[in-house]
Amino acid sequence: MSETPRARPGIGRPQAEALVDLGAIAHNTRILVEHAGDAGVMAVVKADGYNHGALPVARAALEAGATELGVATVTEALALRAGGVSAPVLCWLHAPGTDFARAIDAGIGIGVSSPRQVVEVADAARSAGKPALVSLKVDTGMNRNGVGADELDACLDALVAARRAGDLTVHGLFSHLVSADVPADPVNDMQKRRFDAAAESMSRAGIAPRVRHLANSAAALTRPDMAYDLVRPGIALYGLSPAPDVGDFGLRPAMTVRATVVLLKRVAAGEGVSYGHEWIAPTDTTVALLPVGYADGITRHLKNRYEVSINGRRYPAVGRVCMDQVVVDVGPGRPDVDEGDTGYFFGPGDHGEPSAQDWADTLGTINYEVVTGIKGRVERTFQDDIS
Ligand SMILES: *Cc1c(COP(=O)(O)O)cnc(C)c1O
């Protein structure tokens, strides 16, 4: 389009990229370590590190002061071990028939949520020839995973029996909060009381937990009284606020989603753009085509309600989001954009781009879903700091 080609920093990079700033992961970890006081920090790297890459995130967080790692499944935990991570790892979401023996063999901590799971883990320990390292997950009000009040005694009995048989070590007690993003919600205090009561019950049964943990990111940052022995942050590690109404806590978003402008095109006034011609050019203008679409997690629900930053300026999306492509209007006259330039979709804002939180607000969802939603052909790359 322009007669004088400029330097094109985008050339040679993936045409669609999720750049993960490991320096930001380290920075956010240090903030969490500071808030944790005497408590340890379990970095939650489930769902492939909230889609940031579990292994690199785990290494960066451990280096910056996290003391252990948390994931949902045995498979995720084994992947950390296979990647050479030797730090303590806990996993807590298991279908019947889960291969606990492999987890026990790999020294992975297992969170149990029912008497049946205690028995399964004990059986697996016998076939592994080694006691399991078990933490009890109690349900203090979420009514989701975790052992409920009606089964707590049965679970404690099962734990006591299995411990006596030498099949397991009772390591921890943990639970998950319902409304930690609303720090003043009384449900937080109710859960804390129930959690303390569960710890008491364990002590009375002769299996006092060595490590108690209740706080997710939001509680880790707003409720120091809930830190206990360990906090269990996820989203804050990735630099997104767990309680956007409260603040950003000095966190730095770690993921930047960007793509290369593949084509510029003049569009005459009155011409429509993309499927269904939902957008008609009001004037003669130029549009820029970017090679990401709903197959890459640029959800169709965004419609035109987002902007892409190119060379530090925001341009409005026009027309429908397609499977592979989106289009932005770079305006009438000589465009300030070249083919090969980089379009920034969301990130920390260093290039004038919106935040994942902005996308969440637009979509009526949470920042967690925005970063975990990026997929398809977007290539993940890593950098210690974005320049
Ligand atoms: C996902 C998860 C966390 C982390 O929650 P964030 O809100 O991301 O900090 C902590 N504990 C459990 C049990 C979880 O499932």
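Taking the working numbering, the leading residue of the sequence shown gets 2, the next gets one more, and so forth. Just so you know, even glycine gets a beta-carbon here, dropped at the ideal spot from N, CA and C.
- By Cβ distance below 8 Å, which residues in the same chain neighbour residue 80 in space, the five residues on each side in sequence not counted? 55 and 56
- For residue 52, the nearest candidate out of 238, 333 and 292 (CA to CA): 238
Kindly examine ligand 1 and report whether one of its heavy atoms sits closer than 7 Å to the Cβ of residue 177. yes
**Item:** Close Cβ partners of residue 385 (< 8 Å) along its chain, the five nearest in sequence each way excluded
**Value:** 22, 23 and 24
Check: From the DSSP output, which residues share a beta bridge with residue 115?
Finding: DSSP output for residue 115 lists no bridge partner at all.
Query raised in the report: In or out: residue 29 buried (at least 16 other Cβ within 10 Å) or exposed?
Result: buried
Hey, residue 19 and residue 375: beta-carbon distance below 8 Å or not?
yes
Could you tell me if residue 324 is buried or exposed, where buried requires 16 or more neighbouring beta carbons within 10 angstroms of its beta carbon?
exposed
If I'm right that residue 224 touches residue 141 with Cβ under 8 Å, what's the distance once you round it to whole angstroms? Incorrect: roughly 14 Å between the Cβ atoms, too far for contact.
| Are there 16 or more other CB atoms within 10 angstroms of the CB of residue 4, so buried, or fewer, so exposed? | Caution is warranted here: a pLDDT of 44 is assigned to residue 4, below 50, making its placement in the model unreliable, and the coordinate value is therefore given only provisionally. Per the 10 Å Cβ criterion, exposed.
Quiz item: Touch check for the stretch 311-328 and the stretch 231-245: three-plus C-beta pairs under 8 Å?
Solution: no
| task | Please say whether residue 299 and residue 262 have beta carbons closer to each other than 8 Å? | result | no
Through-space distance from residue 83 to residue 111, alpha-carbon basis: 17 Å
So, using beta-carbon positions, are residue 203 and residue 215 closer together than 8 Å?
no
Note to self: Assuming residue 1 is part of the beta strand (DSSP E), what are its boundary residues?
What the structure shows: Within the shown structure, residues of the chain are numbered from 2 to 388, placing residue 1 beyond reach of any answer.
Review point. Going by the CB atoms, is the gap between residue 336 and residue 222 shorter than 8 Å?
Key: no
Cutoff 8 Å; reference residue 161; Cβ partners in own chain excluding five residues on either side: 206, 207 and 208
Could you say if the stretch 127-140 and the stretch 162-170 meet the contact criterion of at least three C-beta pairs nearer than 8 Å?
yes
What beta strand (DSSP E) runs, 3 residues minimum, are completely inside the stretch 28-90? 41-45 and 69-72
Who are the near neighbours of residue 379 in its chain, counting only those whose CB is closer than 6 Å to its CB and skipping five residues on each side? 17, 19 and 297
**Burial state of residue 269, where buried means 16 or more other Cβ atoms lie within 10 Å** = exposed
Per DSSP, what kind of secondary structure is residue 328 in: helix, strand or coil? strand
Checklist entry - Quick one: does the C-beta of residue 45 sit closer than 7 Å to a heavy atom of ligand 1? => result yes
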